[in-house]
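With the UniProt record's numbering as the guide, the letters of the sequence shown map in order to residues 1 to 291.
C-beta atoms are modelled at their ideal positions from N, C-alpha and C, and glycine is treated no differently.
As the structure is a prediction and not an experimental result, all values here were calculated from the model.
Step one of this worksheet: look at the structure below.
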Amino acid sequence: MKIAVAIATAGRPDLLPKVIDTFKRQTRLPDAIYVCPAADGDYDAASNIALSMPVFVIRGPKGLPAQRNTIIRAAGDIDVLAFFDDDFVADANFLSEVERIFEQQPSVVIATGDVVADGINGPGLSLDEAEKVISGLPNLPGEQVSEVFNAYGCNMVVRIKTATANNILFDEVLPLYGWWEDVDFSRRLAPFGKIIKSNRLRGVHMGSKSGRTPGQKLGYSQVANIVYMIQKGSVPVSVGLIRIGRNVFANMVRQFKPEPWADRKGRFRGNLIALKDCLLRPADPQRALRL
Numbered sequence: 001m002k003i004a005v006a007i008a009t010a011g012r013p014d015l016l017p018k019v020i021d022t023f024k025r026q027t028r029l030p031d032a033i034y035v036c037p038a039a040d041g042d043y044d045a046a047s048n049i050a051l052s053m054p055v056f057v058i059r060g061p062k063g064l065p066a067q068r069n070t071i072i073r074a075a076g077d078i079d080v081l082a083f084f085d086d087d088f089v090a091d092a093n094f095l096s097e098v099e100r101i102f103e104q105q106p107s108v109v110i111a112t113g114d115v116v117a118d119g120i121n122g123p124g125l126s127l128d129e130a131e132k133v134i135s136g137l138p139n140l141p142g143e144q145v146s147e148v149f150n151a152y153g154c155n156m157v158v159r160i161k162t163a164t165a166n167n168i169l170f171d172e173v174l175p176l177y178g179w180w181e182d183v184d185f186s187r188r189l190a191p192f193g194k195i196i197k198s199n200r201l202r203g204v205h206m207g208s209k210s211g212r213t214p215g216q217k218l219g220y221s222q223v224a225n226i227v228y229m230i231q232k233g234s235v236p237v238s239v240g241l242i243r244i245g246r247n248v249f250a251n252m253v254r255q256f257k258p259e260p261w262a263d264r265k266g267r268f269r270g271n272l273i274a275l276k277d278c279l280l281r282p283a284d285p286q287r288a289l290r291l
């Protein structure tokens, strides 16, 4: 079985080489690492020239879904692609567990893991903090596997030949960071196998604030992307509307006392623009680019 790491990156040129360097500690090394940067300055391949595994830099259109698709098209002979965010640090046993799961359970099409620390809803974690959490993890626990609605995009492992055989790629209509692209992809692949979460796939998501989508654009995507998914049928109406309601309510309330790392006023403004647009016409996630 060939397993590769796939990283779409934007705006983190100092962090990414250090994250890639952590994969040398995997007890089962990846057969390759594919990196698709949004811009030329986002990654210098020479930074990781000493690694014992090949690192391929693939160029393609900007935007998380488009960048991930660029990697999929380049990874023709790979059986399993482990999509990681460019600020995710995996436990040393992550890929060996991936290999075991996908070999022993042929019905699994997507696996996601236990994010033991996540900086996305706070100020973010430094690489040193993430490494400290990883180094402090106990031995691998007894396995607990559950079927889930979707994978978490920061660590999303895909039996990629099943996806490509059924013409399932990430939806490039979703621009920028591709809000909810992981949910959309998971639900479209779900008819072809199981989506599971394993407690033996462990890692830390730093939630770095560099390279993130600006507030108003993000707020627009929080509504328009989900309405678009409802309209095309990948997400149930009830699931989508509940999430939209939570997003809008959180931004509306927190704009008066926002977290230092979140532009709540911008997000709420984007929410309102998207709600108005979606009442007047079919959802168009691409409009976020024009705000």
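- Between the region 89-102 and the region 170-185 there are fewer than three inter-stretch CB-CB distances shorter than 8 Å, so the stretches are not counted as touching.
- Taken through DSSP and simplified to helix, strand or coil, D42 comes out as helix.
- In this structure, the alpha-carbon of C278 lies about 17 Å from that of R246.
- Between L189 and I110, the CB-CB gap stays under 8 Å.
- The criterion of a C-beta distance shorter than 8 Å is not satisfied by V55 and V80.
- In the assembly as shown, Q144 is an exposed residue. Its beta-carbon has fewer than 16 other beta-carbons within 10 Å.
- Sequence-distant partners of R264 (beyond 5 residues in either direction) whose C-beta falls short of 7 Å from its own C-beta, in its chain, are N251, R254, Q255 and P258.
- Across the structure, I226 and A38 are spaced so that their CA atoms are roughly 24 Å apart.
- Out of P65, S96, F23 and R28, the CA that lies nearest to the CA of C36 is found in P65.
- Taking the Cα positions, Q231 is about 14 Å away from V183.
- Residue range L16 to D21 is occupied by the alpha helix (DSSP H) that includes P17.
- Under the three-state reduction of DSSP output, G270 falls in the helix class.
- Look at the beta carbons and you see the region 192-211 touching the region 106-124: at least three pairs across the two are nearer than 8 Å.
- Setting aside the 5 residues that flank it on each side, A117 is surrounded in the same chain by V133 and V204, each with a C-beta closer than 6 Å to its C-beta; the list follows chain order.
- P214 and G266 have their C-alpha atoms roughly 8 Å apart.
- For T112, the enclosing beta strand (DSSP E) covers residues V108 to D118.
- It is roughly 37 Å from the alpha-carbon of L241 to the alpha-carbon of I78.
- S208 carries a coil assignment under DSSP once its states are collapsed to helix, strand and coil.
- Residue nearest to V5 within the set Q105, D21 and V235 is D21 (criterion: CA-CA distance).
- Bounds of the beta strand (DSSP E) holding I3 are I3 to T9.
- DSSP places V133 inside the alpha helix (DSSP H), whose first and last residues are L127 to S135.
- The beta carbons of P282 and V173 sit no closer together than 8 Å.
- Taking 8 Å as the cut-off, the beta carbon of G270 is found closer than this to the beta carbon of G219.
- Shown here for V248: same chain residues with a beta carbon closer than 6 Å to its own, the five before and five after excluded, namely N271 in chain order.
- With respect to M1, F83 sits apart: the two C-beta atoms are not nearer than 8 Å.
- For the pair T164 and I72, the CB atoms are nearer than the 8 Å cut-off.
- Comparing C-alpha distances from V148 to each of D44, E131 and D114 shows the shortest one belongs to D114.
- When secondary structure is reduced to three states using DSSP, I196 falls in the strand class.
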